[in-house]
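Report on the structure given below.
Residue numbers (the working numbering), protein chains in the order written: chain A, 46 to 499; chain B, 46 to 499.
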């Protein structure tokens, strides 16, 4: 099928193309045009019926939506943007430059323009940016018959009718009732008869990570959004939350890898944008690590006397770094998932002290015996090989304990001072552990090798 | 309220406790008992009405479910397990030891036992393990009236009735129709009249990551599951997919941090279990990094002659490591999200060669000028400071280019040979980059410092 569409494009047989395209589902078309050139994409799109075009548009990735709107005639572009569900429109617009947002919003019909500006007025990263005002609300006094009539009349415009909301005259949310519950009772009953006045709602100013938590905890597919007075403003559906949850996980992973969050898929990010996101962290890390060179100057004498110490430098440094990144990854993720709260701080520290000692003891023992046994067969570490083995073993315990502790404590401190640890722990832990690891190593060597090599 | 419950527990006033508890929602009770001791937890639970108990049980975390079933009388435990939705029961059982699973399954009523064994028969990590057979299916010839009667009769047992499935006499899936679509047409019409014979289905043997993809792509809240003949076997709901997606992200993050995936929340993992998951990786990394000590022996002469080279060792090593972890994190996540496929390999490599050169040039320049300018004011790097600055600058370019390239290529190679890169790239990249980084550094130094220091 794809082949025939390619050949139809080549032949320029637009009539046949339109015919084939309009038999496909929106998802199939979205999938098809994702792999086409920008030019073909806008050609194919212009052949779709208006309703198919808007459904297909909603299935495209943010990146493709943008490139498509750019190439289509303004009239068609505005019409696509108008037909997007309000929450998806917010999602599309919110990351564009301010001037571009204004230009698009100006072209929308007055009602949609007002709504769009209202949704964009909520803070970035808030529940307000996720919600859509397309829901169904009924009153307590209505009969089930009236409710079903209401659903028939307005259900088409609602993003979901799986849950119907009950509000009072001031639009205050009183209850949420599943559509299926309406089907199981006689038509003349009132909404009041099945209401239990119990509901879970998101606040419009809540952080969107709280929305993810709420959906996970409450096993719901849609949740209502209210303002501080309890007035129903909109709903958030779980498909947007799944998308958001994936996006946040990607950002957290990129931060751990030392990259500022990319807004677009890896292959689509423009090269210099990618470099900006990466060079920033790399330079910060590099400047931090330069401290290692500064610290090393103080131990130049020791290295001159005992060059053997330099041989183990990379091993010591990297072990401390690995232990630190284990601890910080565990603590940061546990905090992101709400498993660890700030008040658990001491318990975490206690746990990591024991972890650090335990892991340090294992690696220290491996390091000690590796050198001690090796020295039985080779003279590579000279006559003081036992003292060297002891130095390395003890340094590993110290560096790993310290790395583990810093990795656990630093994220806690960052949360305490109001900084997101997922965004900034990695470089801090790395620098801290490397610089202090060196000092620990050489201080231990100055004691254990005193009178022999130093 | 929590305070009063605590005091009621202390007073041992079980009657009053039962009264208070049974006015709460399942979620509120789940939240409440999560923070109680094991003993109080099972006391509170035994006071709940059977239906409230089973609803509450479904809201508890896996960890709490397990500890609770352990302490409750067997009869009550079996009844809770029986009342769990089949998909949640699979989730609960599947990570228990084999003997424990068998013991529980034996206690279930015959129907539930058969069903449970069937679901547990699908491979771990497959869609079969996510699905529930509690769905509603209708026939093409049925009238809307008959469909609504069917929903009223059986809808209570279905996990969701937002989507109704149309099957033929062999249970082959023919269509999926939203409940709301039934509400908008006359009662005497047939299902056939609104069917479009178009649906998206998961295969029961699909990898569960494909389920996450499908839900993200198709904007659905529930998807049907079929076997290789298209026979409808069950449904997967999006709330389970959200939970799964979070869990996979956590595992990926833990792997990047060099920890084997934890099955339980950080604070709940037993200490020695946590150590096992961490020590394994740390020891593997350590053994890999020991190669650095082996390599360094070959350059002992160079260090003895030019101790200054040792001063920059940590800086060089860590810069290569950082560049490598940036690249591997980006590529691994992009592959996990399906943004990068194996066939894009060369494009990725090309992109990362340019990235490595660009980033290397920036850090190389910073390193060069830092040393060159510093030397104007200080004699810390001796008389050959310009040659040293050049050495460090060039080594940074080489090490960062190499780190970036290895970080990008290694995950691709792992995918090619059928290994999940998220699970094993981090340690390989770290070891590879550190060991080869050293070699690059010293080889460059042997050229640039020839005739001066070496």
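A virtual CB, placed ideally from N, CA and C, is assigned to each residue, including glycine. Source: prediction; values computed, not measured.
Checklist entry - Applying a beta-carbon distance threshold of less than 8 Å, which residues of chain B neighbour residue 392 of chain A? => result Close to residue 392 of chain A, with beta-carbon spacing below 8 Å, are these residues of chain B in chain order: 312.
Next on the checklist: By DSSP's criteria, residue 268 of chain B is part of a beta bridge. Which residues make up the other side?
Outcome noted: B:281
Next on the checklist: If distances are taken between C-alpha atoms only, which option among B:313, B:305, B:262, B:245 comes closest to residue 280 of chain B?
Outcome noted: Put simply, of B:313, B:305, B:262, B:245 the residue whose alpha carbon is nearest the alpha carbon of residue 280 of chain B is B:245.
Item to check | Neighbourhood of residue 26 of chain B by C-beta distance below 8 Å, restricted to the same chain and skipping five residues each side | outcome: Chain B is shown from 46 up to 499; residue 26 of chain B falls before or after that span and cannot be answered.
Next on the checklist: Measuring CB atoms only, is the segment 124–135 of chain A touching the segment 143–155 of chain A, in the sense that at least three cross pairs come out at less than 8 Å?
Outcome noted: yes
Item to check | Environment of residue 488 of chain A [buried if 16+ CB atoms lie within 10 Å] | outcome: exposed
Item to check | Within the segment 160–225 of chain A, ranges of the alpha helix (DSSP H) (whole runs, at least 4 residues) | outcome: 189–199
Item to check | Three-way DSSP call (helix, strand, coil) for residue 373 of chain B in this model | outcome: helix
Next on the checklist: With a threshold of 8 Å between beta-carbons, can residue 139 of chain B be considered close to chain A, or not?
Outcome noted: no
Checklist entry - I think residue 252 of chain B touches residue 171 of chain B, with their Cβ atoms under 8 Å apart; what is that distance to the nearest whole Å? => result 7 Å
Next on the checklist: Just verifying my parser: in three-state terms, what is the DSSP assignment at residue 52 of chain B?
Outcome noted: helix
Next on the checklist: Is residue 258 of chain A near the ligand ATP - that is, is its Cβ less than 7 Å away from at least one heavy atom of it?
Outcome noted: Although the ligand ATP was asked about, the structure shown includes no ligands whatsoever.
Next on the checklist: What does the Cβ neighbour count give for residue 56 of chain B, buried or exposed, with the cut at 16 atoms within 10 Å?
Outcome noted: Classification of residue 56 of chain B: exposed, given that the 10 Å Cβ count is below 16.
Checklist entry - Skipping 5 residues on each side, what residues in its chain have a beta carbon closer than 8 Å to that of residue 87 of chain B? => result 113, 116, 117
Checklist entry - Where DSSP assigns a beta bridge to residue 252 of chain B, which residues make up the other side? => result Residue 252 of chain B pairs with B:171.
Checklist entry - Mapping DSSP to helix, strand and coil, what is residue 330 of chain B? => result helix
Checklist entry - Which residue from A:231, A:241, A:258 puts its Cα closest to that of residue 247 of chain A? => result A:258
Checklist entry - Per DSSP, residue 247 of chain A is paired with what? => result A:270
Checklist entry - The alpha helix (DSSP H) spanning residue 101 of chain B covers which residue range? => result 95–104
Item to check | Three-way DSSP call (helix, strand, coil) for residue 235 of chain B in this model | outcome: strand
Next on the checklist: What ranges does the alpha helix (DSSP H) occupy inside the segment 310–366 of chain B, keeping only unbroken runs of at least 4 residues that lie completely in it?
Outcome noted: For the segment 310–366 of chain B, the full-length alpha helix (DSSP H) segments reaching 4 residues or more read 316–343, 345–350, 353–356 along the chain.
Next on the checklist: Taking 8 Å as the threshold (C-beta atoms), are residue 62 of chain B and residue 69 of chain B in contact?
Outcome noted: no
Checklist entry - How would you list, in chain order, the residues of chain B whose beta-carbon sits under 9 Å from the beta-carbon of residue 487 of chain A? => result The contacting residues do not exist; residue 487 of chain A stays about 12 Å from chain B at best.
Next on the checklist: I need the DSSP call for residue 301 of chain A, collapsed to helix, strand or coil.
Outcome noted: helix
Checklist entry - What residue range is occupied by the uninterrupted alpha helix (DSSP H) comprising residue 230 of chain B? => result It is not in any alpha helix (DSSP H) - residue 230 of chain B carries neither H nor E in the DSSP assignment.
Checklist entry - Where does the unbroken alpha helix (DSSP H) through residue 73 of chain A begin, and where does it stop? => result 71–79
Item to check | Closer than 8 Å to chain B by CB, residue 246 of chain A | outcome: no
Next on the checklist: Residues of the segment 395–420 of chain B in Cβ contact with chain A at a cutoff of 9 Å, in chain order, please.
Outcome noted: Taking 9 Å as the Cβ-Cβ cut-off, the segment 395–420 of chain B approaches chain A at 396, 399, 400, 403, 404, 407, 408, 411, 412, 415, 416, given in chain order.
Checklist entry - Buried or exposed: which applies to residue 242 of chain A, given that a residue is buried once 16 or more other Cβ atoms fall within 10 Å of its Cβ? => result exposed
Checklist entry - Going by C-alpha distance, which of B:231, B:274, B:206, B:418 is nearest residue 222 of chain B? => result Nearest option by C-alpha distance: B:206.
Item to check | C-beta contact flag for residue 354 of chain A and residue 362 of chain A at 8 Å | outcome: no
Checklist entry - Tell me the DSSP bridge mates of residue 276 of chain B? => result B:217
Next on the checklist: Quick check on residue 155 of chain A: does DSSP put it in helix, strand or coil?
Outcome noted: helix
Next on the checklist: My output table needs one value for residue 486 of chain A: the three-state DSSP class, helix, strand or coil.
Outcome noted: Helix at residue 486 of chain A.
Checklist entry - When the Cα atoms are used, what is the spatial distance from residue 317 of chain A to residue 142 of chain A? => result If you take the alpha carbons of residue 317 of chain A and residue 142 of chain A, they lie about 18 Å apart.
Item to check | Option in A:401, A:101, A:166 with minimal Cα separation from residue 321 of chain B | outcome: A:401
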